[in-house]
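As given, the protein sequences belong to chains A and B, one line each in that order.
Each residue of the first sequence is one higher than the one before, counting from 1 in the numbering used here.
Each residue of the second sequence is one higher than the one before, counting from 1001 in the numbering used here.
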Amino acid sequence: MFLINCPYCGERDQSEFTAGGEAHIVRPKQPTELSDNQWAEFLFMRKNIKGVQFERWNHTHGCRKWFNMVRDTSNDKIYAVYKMGEKPPIK
Amino acid sequence: MLNFNTPIIGTKEYSEIKISEIEPILKINLRGKNRNFITKIGKELSIITPVDPNTSSSNERLNLLWLSPDEWFLYSNDKIDLKDANLLEDKLFNEISKPKLGSVTNISDHWIMINLNGAKVFELLSAGCPFNFNNFKNSKGTVTQTLLNHIDVIIHNKNFNDLNLFVRRSFSAHLWSWLNDSARFI
């Protein structure tokens, strides 16, 4: 269990949130020009790093807004939380 | 024909906790993003639209709760004839939905309002809720959406130790049972 600082509602318990997987995956501009393998790579393949990862989260049981988070998956330490469309505050 | 009758009937009293279902109450969901939408709500309802997170504003008839940056929850202070609810919905629909400023949805039958009153209401809520009520309980008019016994709820701190709790109709009988069961042991 850990606390997440929702960029809209403030600090809430993790049980109110849903993880939405890896963040900043860009949709290909011309999907019809991709091979099946390239399309599958975009659609299904996600990193599962043990360490600092950029993730999407949703405040499901609160404001229902999506946002991004930089989290260390090994100890759940959160380095940054930022709104959708914003650039990551850390690299 | 849909059955709009509420699944809960009555009021229960325990040691320093009173739990009562208050229905029918007008409830309208308002969604919109631009500044004209926010201004229009204020003008039509004679109420200041709360734009700060987890806040609300009220007048003698209505309460407007902040749910998210583009969503508000409107409910009446007192029990209302559902015909009057339809009139207000029509008025808002004509002023907000028709000019495409935002959306207006009558959710009077979607949510059930339960009033919790008494010195131990926060002890009762803390028994099944991950939300930290420390600051919430000392600020009149604050709003939160959270989980109570794993059920989505909206809680409006209307006055000190006087809360209005909204729960979806389909979960209301279950939450009502849990509230009564938990209140017995507090």
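In this text, a Cβ means the ideal position worked out from N, Cα and C, and glycines have one as well.
Look at the alpha carbon of residue i and the alpha carbon of residue j, and state the distance between them as a whole number of angstroms.
i, j, result
"B/C1129", "A/K29", "44 Å"
"B/L1148", "B/F1133", "13 Å"
"B/T1006", "B/W1176", "12 Å"
"B/K1137", "B/S1068", "20 Å"
"A/P7", "B/T1146", "16 Å"
"A/K65", "A/Q53", "20 Å"
"B/D1162", "A/L3", "27 Å"
"B/N1054", "A/W39", "42 Å"
"B/S1058", "A/G20", "36 Å"
"A/K50", "A/D72", "7 Å"
"B/K1158", "B/F1131", "17 Å"
"A/N48", "B/E1071", "34 Å"
"B/D1081", "A/N75", "54 Å"
"B/S1076", "A/N5", "31 Å"
"B/F1073", "A/V81", "26 Å"
Since residue i and residue j should fall inside the 8 Å C-beta cutoff, what is the C-beta to C-beta distance between them, to a whole number of angstroms?
i, j, result
"B/S1108", "B/I1008", "Contact flag wrong, Cβ pair sits at about 15 Å."
"A/E11", "A/E55", "At roughly 18 Å, the Cβ-Cβ gap does not stay under 8 Å, so A/E11 and A/E55 are not in contact."
"B/I1017", "B/L1116", "7 Å"
"B/L1101", "B/K1040", "6 Å"
"B/I1186", "B/E1089", "That belief does not hold up - the Cβ atoms of B/I1186 and B/E1089 are roughly 38 Å apart, past 8 Å."
"B/T1049", "B/L1064", "6 Å"
"A/C9", "A/H59", "6 Å"
What's the call for residue i, buried or exposed, on a 16-neighbour Cβ count within 10 Å?
i, result
"A/V26", "exposed"
"B/G1030", "The question names Gly, yet the displayed sequence has Leu at residue 1030 of chain B. Buried is the call here."
"A/Y79", "exposed"
"B/H1110", "exposed"
"A/E86", "exposed"
"B/L1087", "exposed"
"A/K77", "exposed"
"A/M1", "exposed"
"A/H24", "exposed"
"B/S1056", "buried"
"B/R1170", "The residue you asked about is not Arg; residue 1170 of chain B is Ser in the sequence shown. B/S1170 is exposed by the Cβ-count criterion."
"A/F44", "exposed"
"B/M1001", "Unreliable placement is indicated for B/M1001, whose pLDDT of 46 sits below 50; no coordinate value is reported for it."
"B/E1013", "exposed"
"B/G1010", "exposed"
Give the DSSP-derived three-state secondary structure of residue i in the structure shown.
i, result
"A/R12", "strand"
"A/L34", "coil"
"B/S1139", "coil"
"B/L1175", "helix"
"B/T1039", "helix"
"B/I1154", "strand"
"A/S74", "coil"
"B/I1096", "helix"
"B/L1026", "coil"
"A/K83", "strand"
"B/L1101", "coil"
"A/F54", "strand"
"B/S1170", "helix"
List the residues of chain E whose Cβ lies closer than 9 Å to the Cβ of residue i, in chain order.
i, result
"A/E86", "In the structure shown, chain E does not exist; the protein chains are A and B."
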